[in-house]
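A.B. asks: Protein chains in written order, with the working numbering: chain A, 1 to 275; chain B, 276 to 550. Take this structure first; my questions come after.
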C-alpha cells in the first residue's frame, strides 16, 4: 500500500484514466440512488436509521459495484469491506467503502460519504469521494487534478500557521487503541496543536483536500477509507504519508497516515516517531 | 446566567412566547439573506472568504437585529458579541451570535450557524439556531417544544451506552486553556469517553438536540453561543447544566456547560469536579 519503489502509473494513458474516472463517477451516481432509497425507507431528518438498514445498504452497494466491475472490466481486482479481495494479483485493483461514517449515517449526521478508488500496480490512480447528503463530490485522477462538483480545485496556498492556529483533523481517541495503546500519540498531537477537529467521517478528508483543514492524522484505518484522499492530496499540492501499516488480524492491514499541506505534514510527523 | 432561584417564565403567556419565537424566526430569515449575499460576494464552494467579510457580516447582522428589537420591542435589552449589552436591567433580554463558527465559515465548512436567544428574568425562554448552508433550523420555546425545519422533535429515548460507545461532543483542546490550564479536564474526559467528536461550531448543539450526540461538554464559551441550546435541550427531555461561570476579562463571563441526555450528563459531571 505504500508507494512501490517504481511508479508505473504513466503506463496508463490520459484517456484511459479519464474513462476509469467516468466509470467511478457514474457508479457514485448509482450509489447515491441506493442511499436515497434507504433514507426514504428508514432515515428521515428527525428519526434514526436502523443499523441493519445501513449494513444492508453497504452490502447492496458493494455487490452492485463488484457486478459492474465484473461486467465492464472483468480482468480487474476488487477490494471491499464486505466481501474481501478478488483477483489480488491484477494490476488494476478497485477499492470501495460504500458508506464511510456508518455511525454518523445512522444518527442522521450528513457528513458520511461513499469512497471509490483505483490502484494501478499498488499506486493510487483514481479517486471519488461523494457526500450525498451534503451534495458534495470530489473526483480526481493522478496528474489530472481534482474536481469539486465539476469545478477544478486550485492547489494549496503556502501560508504556514502557528501551532495554536494550525487546523488539524484527527481520528477519535478510540482509534488510538485499535492496534495497541497509542493514546500517548493522540495526547501529544492535540497538546501541541490544540485547534483540533474530530469528525470521524471521510468529510475530514474532503476538508483537507479543499484546504479547510491544514493536516489530517488518521490512525488504524483501512485502505478503503484512504484510497481517494491518497489520489486527491498530491493533486492539490499536498503530501500524503503512510506512517505505518500493521496487522489488523482481519485481512487488510491497519494504516496510519498523515496528509495535507506540506508545511503542516512536516510539523506533525516528528510527533509520531516510534509509531 | 445560572437559572435564578425562582422561575418566572410562566408570567409570559403561551401566545406571547409564540409571538417572540415568530419574531426570532423571521429575523433568522433576514440573517440568511445577509449571509447569502456575503457568500455570493466572496465565499464560494472552492474559495475562502476573507476574514474581514465575515466580521462585516457579523456586524451587519447584529446591527440589523438591534435595530429590529429597538423598533418592535423598544423596552427589551440586547446582548451581542459586537456591541455589548444595552438595557441590562430589562426583564426581556435578547441574545445574538450572528455567525458562530467563524473559522469554519471562512474555510467554507458548512456547519457554522446563527444563534438567537431570549431570556426572561435570567431564564431561557426562546431559541433559534440556524445553519444556512445545511438548510437546517431548530427553533423552540420554553414548554412549547422544538421544531426542526417545522417538524416537531421527539423527546430523547432512554438508551444508555457503554463508555466506549457514548457519543460525546467536546470543545477543541484550545478552549481548555482560555481561562486557566484545564487541559487535564479534556484529557480525563476523552480518555474515559474515547468516542469523541470535536466540531467547534454550534452544529454540535444541533446534534445534541437531535440526539445524534449523547452529550456535549463546552468550556469557556459565552452566553450567545449557548442561549438557544439552553432552551432546546430541556424541551427534548435533556439536562442542561452550567458547571461554572468565570470572569473572561472581556465583559460577559466564560461559561462551562454539560448538556444532553440525562444518563450521559450524569456520567460526565463527576469528571469535572474541582472545575
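Every residue gets a Cβ at the ideal spot worked out from N, C-alpha and C, and that includes glycine. The structure displayed is predicted, hence computed values, not measured ones.
1. In angstroms, rounded to a whole number, what distance separates the CA positions of residue 409 of chain B and residue 385 of chain B?
2. Could you name the residues of the same chain whose beta carbon sits closer than 7 Å to that of residue 322 of chain B, not counting the 5 residues immediately before and after it, in chain order?
3. Just to confirm before moving on: does the CB-CB distance between residue 381 of chain B and residue 300 of chain B stay below 8 Å?
4. Between which two residues does the alpha helix (DSSP H) carrying residue 183 of chain A extend?
5. Which value, in whole angstroms, describes the spacing of the CA atoms of residue 193 of chain A and residue 68 of chain A?
6. Applying a beta-carbon distance threshold of less than 8 Å, which residues of chain B neighbour residue 188 of chain A?
7. Could you confirm whether any beta carbon from chain A is found closer than 8 Å to the beta carbon of residue 436 of chain B?
8. Since residue 531 of chain B sits in a beta bridge, which residues does DSSP pair it with?
9. Closer than 6 Å by C-beta to residue 417 of chain B: which residues in its own chain qualify, once you throw out the five before and the five after it? Chain order, please.
10. Starting from residue 200 of chain A, find everything on chain B with Cβ-Cβ shorter than 9 Å and list it in chain order.
11. Assuming residue 176 of chain A is part of the beta strand (DSSP E), what are its boundary residues?
12. Using a beta-carbon distance below 8 Å, is residue 289 of chain B in contact with chain A?
13. Let's test the definition: count the other Cβ atoms within 10 Å of the Cβ of residue 545 of chain B and tell me whether it reaches 16, buried, or not, exposed.
14. Would you say residue 358 of chain B and residue 341 of chain B are within 8 Å of each other, going by their C-beta atoms?
15. Counting only beta-carbon atoms, is residue 300 of chain B nearer than 8 Å to chain A?
16. Mind pulling the chain B residues with CB within less than 7 Å of residue 212 of chain A?
17. Anything in chain B within Cβ reach of residue 180 of chain A, meaning under 8 Å, just list it in chain order.
18. Would you check whether the ligand ADP has a heavy atom nearer than 7 Å to the C-beta of residue 548 of chain B?
19. Could you pull out every residue in the same chain whose Cβ sits closer than 7 Å to the Cβ of residue 179 of chain A, ignoring the five residues on either side in sequence?
20. Could you check whether residue 158 of chain A and residue 195 of chain A sit closer than 8 Å to each other, using their CB atoms as the reference points?
21. Determine, using beta carbons only, whether residue 501 of chain B comes closer than 8 Å to chain A.
22. Excluding the five sequence neighbours on either side, which residues of its own chain have a C-beta within less than 6 Å of the C-beta of residue 531 of chain B, listed in chain order?
23. So, is residue 406 of chain B buried or exposed, given that buried needs 16 or more other C-beta atoms within 10 angstroms?
24. Which residues in the same chain as residue 231 of chain A place their Cβ atom closer than 6 Å to its Cβ, once the five residues preceding and following it in sequence are excluded?
C.D. replies: According to the structure data:
1. The count along the second chain starts at 1 and reaches residue 409 of chain B at position 134. The count along the second chain starts at 1 and reaches residue 385 of chain B at position 110. For the pair residue 409 of chain B and residue 385 of chain B, the Cα-to-Cα distance works out to about 6 Å.
2. Within the second chain, the letter at position 47 stands for residue 322 of chain B. Only weak support is given to the placement of residue 322 of chain B: the predicted model assigns it a pLDDT of 48, under 50, and the value that follows is read from those uncertain coordinates. So no residue of the chain qualifies.
3. The sequence position of residue 381 of chain B within the second chain is 106, counting from 1. The sequence position of residue 300 of chain B within the second chain is 25, counting from 1. Cβ atoms of residue 381 of chain B and residue 300 of chain B: not closer than 8 Å.
4. Translated into positions along the first chain, residue 183 of chain A becomes position 183. Taken as a continuous stretch (DSSP letters only), the alpha helix (DSSP H) holding residue 183 of chain A covers 183-192.
5. Working through the first chain from its first residue, we reach residue 193 of chain A at position 193. Working through the first chain from its first residue, we reach residue 68 of chain A at position 68. So the two alpha carbons sit approximately 44 Å from each other.
6. Numbered from its first residue, the first chain carries residue 188 of chain A at position 188. The premise fails here: residue 188 of chain A is roughly 11 Å from chain B at the closest Cβ pair, so nothing lies under 8 Å.
7. Taking the second chain and counting its residues from 1, one reaches residue 436 of chain B at position 161. The Cβ of residue 436 of chain B sits no closer than 8 Å to any Cβ of chain A.
8. Locating residue 531 of chain B in the second chain gives position 256, where the first residue counts as 1. Residue 531 of chain B pairs with B/519.
9. Counting from 1 along the second chain, the entry for residue 417 of chain B is found at position 142. Cβ neighbours of residue 417 of chain B beyond the five flanking positions: 284, 400.
10. Here residue 200 of chain A corresponds to residue number 200 of the first chain, with the count starting at 1. The contacting residues are 470, 471, 472.
11. Taking the first residue of the first chain as 1, we reach residue 176 of chain A at position 176. For residue 176 of chain A, there is no enclosing beta strand (DSSP E), since its DSSP letter is neither H nor E.
12. Here residue 289 of chain B refers to the residue found at position 14 when the second chain is read from its first residue. For residue 289 of chain B, the answer is no, since every Cβ of chain A falls outside 8 Å of its Cβ.
13. Your numbering for residue 545 of chain B matches position 270 in the second chain. With fewer than 16 other beta carbons inside 10 angstroms of its own, residue 545 of chain B counts as exposed.
14. Looking up residue 358 of chain B in the second chain gives position 83. Looking up residue 341 of chain B in the second chain gives position 66. Yes, the pair counts as a contact, with Cβ atoms nearer than the cut-off.
15. Position 25 of the second chain holds residue 300 of chain B. With 8 Å as the cut-off, residue 300 of chain B does not count as an interface residue toward chain A.
16. The sequence position of residue 212 of chain A within the first chain is 212, counting from 1. Correct list: 382, 383, 384.
17. Here residue 180 of chain A corresponds to residue number 180 of the first chain, with the count starting at 1. Neighbours of residue 180 of chain A on chain B: none; closest Cβ ~14 Å, over 8 Å.
18. In the structure on display, the ligand ADP does not appear, and there are no ligands present to speak of.
19. Working through the first chain from its first residue, we reach residue 179 of chain A at position 179. Once the five neighbours on either side are set aside, the close Cβ partners of residue 179 of chain A are 220, 246, 254.
20. Here residue 195 of chain A refers to the residue found at position 195 when the first chain is read from its first residue. Here residue 158 of chain A refers to the residue found at position 158 when the first chain is read from its first residue. Contact flag unset, no.
21. Reading the second chain from its first residue, position 226 is the one you call residue 501 of chain B. Output row for residue 501 of chain B: interface = no.
22. As a position in the second chain, residue 531 of chain B is number 256, starting the count at 1. Its chain contains 494, 518, 519 as the residues whose beta carbon lies nearer than 6 Å to that of residue 531 of chain B, once the 5 sequence neighbours on both sides are disregarded; these appear in chain order.
23. Taking the second chain and counting its residues from 1, the one referred to as residue 406 of chain B is at position 131. So residue 406 of chain B ends up on the buried side.
24. What you label residue 231 of chain A is simply residue 231 of the first chain in a count that begins at 1. Correct list, in chain order: 124, 127, 140.
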